[in-house]
Amino acid sequence: MKVTLHQIDCLLDDSGKNNKETKMKSRILMIAGVAGMFMASPALDAMAEVNVRIGSTPRHAFVIDRRPDFIQLGSQGFSVSYGSPYDIVLYNNFYYLHNNGTWYRSRNYNGPWIVIRDRALPPRIRRHRIEDIRRYRDVEYRRDQGRYDRERSGRDGRWDRRDDRRQEPPRGDNDRRDDNRR
Numbered sequence: 061m062k063v064t065l066h067q068i069d070c071l072l073d074d075s076g077k078n079n080k081e082t083k084m085k086s087r088i089l090m091i092a093g094v095a096g097m098f099m100a101s102p103a104l105d106a107m108a109e110v111n112v113r114i115g116s117t118p119r120h121a122f123v124i125d126r127r128p129d130f131i132q133l134g135s136q137g138f139s140v141s142y143g144s145p146y147d148i149v150l151y152n153n154f155y156y157l158h159n160n161g162t163w164y165r166s167r168n169y170n171g172p173w174i175v176i177r178d179r180a181l182p183p184r185i186r187r188h189r190i191e192d193i194r195r196y197r198d199v200e201y202r203r204d205q206g207r208y209d210r211e212r213s214g215r216d217g218r219w220d221r222r223d224d225r226r227q228e229p230p231r232g233d234n235d236r237r238d239d240n241r242r
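Quick note, this note's numbering runs 60 ahead of the 1-based positions in the sequence shown.
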């Protein structure tokens, strides 16, 4: 049922006069009624998410202390790391790291890592689920475990250190760079 302002004015005006005060009361009553309807209705949650990224894509940090050891999976056409805390696949001079359902790519085993979509993976990797890749790795490792253990124990550990360029370089006794002398 639709109620107009004129009908409300007539209801509130007992004497039949068009009184300004009565019209004002009726409008206030109508506004209060509409406001009451809005306040009585349940509030709806507005689900909105805003993601603003300015600049380059974020870099993801994974701590990899030394170059991972890899097992060549001949039938799959790529290598998979073993003994590493992360699942890393080496293919065409790129490292592909899988962590928590997300793939990352880098040219170096210790980063920088960028997120890539599944369809950006090379087809040789994409056609296998990560669970299958792990299973292939484990089967190959068990088959030649002695060989992989010998390779790992005989390798030169000097090349397994982290990048030390951020550390202070060694200085000789005659180095006066920190002195305030002129």
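From the three backbone atoms N, C-alpha and C, an ideal C-beta is built for every residue, glycine too.
I think L181 touches Y156, with their Cβ atoms under 8 Å apart; what is that distance to the nearest whole Å?
Confirmed, about 7 Å.
Which runs of the alpha helix (DSSP H) at least 4 residues long sit entirely within the region 148 to 217? Give them in chain order.
183 to 186, 190 to 203 and 205 to 213, all fully within the region 148 to 217.
Can you give me the C-alpha to C-alpha distance between H158 and P128, rounded to a whole angstrom?
Roughly 14 Å separates the two Cα atoms.
Enumerate in chain order the residues of its own chain whose CB-to-CB distance from I190 is below 7 Å, with the five nearest sequence positions on each side excluded.
Answer for I190: D147 and H158, listed in chain order.
Mind reading off the beta-carbon distance from G161 to A121? Whole number of angstroms is fine, and I expect it under 8 Å.
Between A121 and G161 the Cβ distance is about 18 Å, and since that is not below 8 Å, they are no contact.
The beta strand (DSSP E) with V140 in it runs from where to where?
First-last of the beta strand (DSSP E) with V140: F138 to Y142.
Helix, strand or coil for F98, going by three-state DSSP, please let me know.
F98: helix per DSSP, three-state reduction.
Tell me the residue span of the beta strand (DSSP E) that contains I131.
D129 to L133 is the span of the beta strand (DSSP E), which, as asked, contains I131.
Given this structure, state the Cα-to-Cα distance separating L150 from R184, to the nearest angstrom.
About 11 Å.
Does V140 pass the burial test, meaning 16 or more other C-beta atoms within 10 Å, or should it be called exposed?
Flag for V140 reads buried.
Do the CB positions of I174 and R165 come within less than 8 Å of each other?
Yes. Within cutoff.
Buried or exposed: where does I91 fall if 16 or more other Cβ atoms within 10 Å of its Cβ makes it buried?
It counts as exposed.
In three-state DSSP terms, what is E81?
Of the three classes helix, strand and coil, the one that applies to E81 here is helix, per DSSP.
Taking all protein chains shown into account, decide if F251 is buried (16 or more other Cβ within 10 angstroms of its Cβ) or exposed.
Absent from the model: residue 251. The displayed extent of the chain is 61 to 242, so no value can be given.
Whose C-beta lies closer than 8 Å to the C-beta of K80 among residues of the same chain, with five residues either side of it excluded?
Hits under 8 Å: none found.
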